[in-house]
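Sequential numbering of the sequence shown, starting at 796, is according to this note's numbering.
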Amino acid sequence: MGLLTIIRKSRQKEREMRILFLGLDNAGKTTILKKINGEDISSVSPTLGFNIKTFIHRKYTLNIWDVGGQRTLRPYWRNYFEQTDAIVWVVDSGDRMRMRDCREELHNLLLEDRLSGASLLVLANKQDINGSLSDLEISEALDLPGIKSHNWKIWPCSAVTGLNLIQGLDWVVEDVAHRLYYSSTNYS
Ligand code: G3D
Ligand code: MG
């Protein structure tokens with residue numbers, strides 16, 4: 796049995812996934828995670844370091860890293876890249892002014908070797924706000940169709956109403972599971 800087969804089998808047994816929540820500050824990363832966990836979302840403070848949340852979704856244990864997105868903190872993102880199975884890139888759909896910054900940060904991130912192979916879920920958050928950009932508009936603004944290096948998907952969502960949060964998580968978990976556990980490649 797080859798080493799890759801052993802690693803694959805052990806991960807299959809653990810059914811663990813490591814997911815990084817990234818995006819500009821104020822996008823709603825922490826609020827989304829709280830909402831998914833059924834926590835009170837009325838008092839969310841800016842994330843200065845990182846939070847880790849571990850919970851079971853479907854039959855998988857998700858280790859989710861929620862990392863602060865302020866400009867001064869972004870250079871530290873790279874400390875979290877190792878062994879990442881998926882990136883959830885959260886966007887404030889009402890923040891038209893910073894869409895370009897958002898696109899540049901995302902595309903820079905995808906150049907990282909250690910993130911190659913990671914699934915990419917883009918959450919177009921804050922859809923409950925009047926005048927926010929639609930998922931199609933965000934897709935264009937971030938040039939998502941230009942991404943050929945990663946499997947990606949965009950979902951419009953709202954941390955306040957809960958719209959599509961579970962659907963988004965389902966997609967990303969399925970995509971990772973497919974790659975890690977059900978890929979037809981035979982390494983033995
Ligand atoms: P971050 O972790 O990405 O930095 P936060 O973002 O989760 O701290 O959220 C930043 C602000 O956006 C918070 O407001 C939060 O309530 C708000 N927010 C997050 N998601 C949504 C959403 O889907 N809809 C709306 N309307 N607001 C949202 P405050 O006022 O505390 O700064
Ligand atoms: Mg935060």
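Idealized CB from N, CA, C, for every residue including glycine.
Consult DSSP for H945 and reduce its assignment to one of helix, strand or coil. coil
Please determine whether the Cβ atom of N920 lies at a distance below 7 Å from any heavy atom of the ligand GDP. Ligands present in the displayed structure are limited to the ligand G3D and the ligand MG, and the ligand GDP is not among them.
Could you tell me which uninterrupted alpha helix (DSSP H) segments, each at least 4 residues in length, are contained entirely in the stretch 863-934, listed from first to last along the chain? 894-904
Taking the continuous alpha helix (DSSP H) assigned at E969, which residues delimit it? L960 to L975
Could you tell me the alpha carbon to alpha carbon distance between L868 and L928, rounded to whole angstroms? 26 Å
Segment limits, alpha helix (DSSP H) that includes D825: It should be noted that the sequence gives Thr, not Asp, for residue 825. Looking at the DSSP string, the run of the alpha helix (DSSP H) that includes T825 is K824 to I831.
Looking at the ligand MG, does it come within less than 7 Å of K829, judged from the CB to the closest heavy atom? No - the ligand MG has no heavy atom lying nearer than 7 Å to the Cβ of K829.
Nearest-angstrom Cα distance between K829 and I924? 19 Å
Note the first and the last residue of the continuous beta strand (DSSP E) segment covering L819. From DSSP, L819 is part of no beta strand (DSSP E); its letter is neither H nor E.
From which residue to which residue does the beta strand (DSSP E) around I851 run? F845 to H852
Reduced DSSP category for P940 - H, G, I as helix; E, B as strand; rest coil: helix
Best match in P951, N903, Y855 and L939 for proximity to D930 [C-alpha to C-alpha]: Among P951, N903, Y855 and L939, the Cα nearest to that of D930 is on P951.
Buried or exposed for M812, going by 16 or more other Cβ atoms inside 10 Å? buried
Distance check for P870 and S838, CA to CA, integer angstroms please. 27 Å
Going by DSSP, which residues form a beta bridge with R813? N858
Looking at C-beta atoms only, is the number of pairs between the stretch 888-903 and the stretch 954-964 that lie closer than 8 Å three or more? no
If you draw a straight line from the alpha carbon of D820 to that of A954, how long is it in whole angstroms? 15 Å
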